[in-house]
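J.:
Residue numbers (this note's numbering): 296 to 595.
#1: Does DSSP put residue 498 in a helix, in a strand, or in coil?
#2: If we call anything under 7 angstroms between Cβ atoms a contact, is residue 543 one with residue 455?
#3: Name the two residues that bound the continuous beta strand (DSSP E) containing residue 435.
#4: Residues in the same chain with beta-carbon distance under 6 angstroms from residue 501, minus the five sequence neighbours each way, listed in chain order, please.
#5: For residue 388, I'd like the list of residues in its chain whose CB is within less than 6 angstroms of its CB, leaving aside the five on either flank, ordered along the chain.
#6: Quick check on the burial criterion: 16 or more other C-beta atoms within 10 angstroms. Buried or exposed for residue 478?
#7: If we count the other Cβ atoms within 10 Å of its Cβ and call it buried at 16 or more, is residue 526 buried or exposed?
#8: Within its chain, find whatever has a CB closer than 6 angstroms to the CB of residue 480; leave out the 5 residues flanking it on each side and keep chain order.
#9: What does the alpha-carbon distance come out to for the pair residue 596 and residue 516?
#10: Please look up how many angstroms separate the CB atoms of residue 304 and residue 336, rounded, as I've assumed it's under 8 angstroms.
#11: Where DSSP assigns a beta bridge to residue 543, which residues make up the other side?
#12: Taking the alpha-carbon positions, what's the residue 301 to residue 395 distance?
#13: Using DSSP with H/G/I as helix, E/B as strand and the rest coil, what is residue 590?
#14: Where are the alpha helix (DSSP H) runs, 4 residues long or more, that stay fully inside the region 341-412, in chain order?
#15: Are there three or more Cβ pairs, one per stretch, closer than 8 angstroms when the region 423-433 is compared with the region 343-359?
#16: What separation, rounded to the nearest whole angstrom, lies between the Cα atoms of residue 423 and residue 316?
#17: Can you say whether residue 595 is buried or exposed, counting buried as having 16 or more other CB atoms within 10 angstroms of its CB?
Listed below in structure tokens is the structure:
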């Protein structure tokens, strides 16, 4: 049978270097029947110029799209879905890179496992040989995709394969969310009865966040997303209110130790990770509380 048509959607906002890295790895794939859809989310820098250059070099492969009405990575992904011609859609973020066999392996895994929705391994890569504390923290704790799928029924949209029929059934991503749209969508897919899977032997490479400011920005976005999910999807959620005391408790040392134990971290470094994890949790909680208040005022 002919290889299924694949559309690879890459949302991007103000990241010319990141989209360059991703397109460079995607245009050299061994798979033949695919297109790449970089979706510019109303960038104000050189990002559109980079996309146009790749389109001119690969006019039969790179099919650009735009999302200018809504500033949201999920809105950009939805614009890519609308533009896509494939029966299988792959999602990857700008700044991530893959091996030349990535698309072929993702399609093969999706087909051989008879899955409708498939996540894969995400490897965090430091920006230099001497990784900073922030980068090592990211390596130790970020993207436990297999756990996400087993316990929470979702995979991150930075490395995801979904059949077109899934979107036809459950609808697109929720573009109202600034974070957590991958979780909301994945759980919607699970409730609809589609088969989800994990391909741990397939890897994408994600650059590590290399500063406290970058980690803080991510924590704030996660906190806002939690509040928005509580607001827009109250019937589907068991989200804890940001004022609940559990939101202010430190993380479970035993749970985090289990996650740290697979790393080469020393005891002092593990303690630093623990303190950092707690600090970021409090930032998430504060951000969630502010967003909850803002949403309540908007509704009143």
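We put the CB at the ideal spot given by N, CA and C, even for glycine.
T.: In this structure, then:
#1: strand
#2: no
#3: Looking at the DSSP string, residue 435 is not in any beta strand (DSSP E); the run it does join, the alpha helix (DSSP H), is 428-436.
#4: 391, 417, 419
#5: 453
#6: buried
#7: buried
#8: 468
#9: Because the chain here runs from 296 to 595, residue 596 falls outside it and cannot be looked at.
#10: The Cβ separation is near 12 angstroms, so there is no contact.
#11: DSSP output for residue 543 lists no bridge partner at all.
#12: 15 angstroms
#13: helix
#14: 342-352, 368-378, 397-407
#15: no
#16: 16 angstroms
#17: Only weak support exists for where residue 595 lies, its pLDDT of 40 falling under 50; the coordinates are left without a value.
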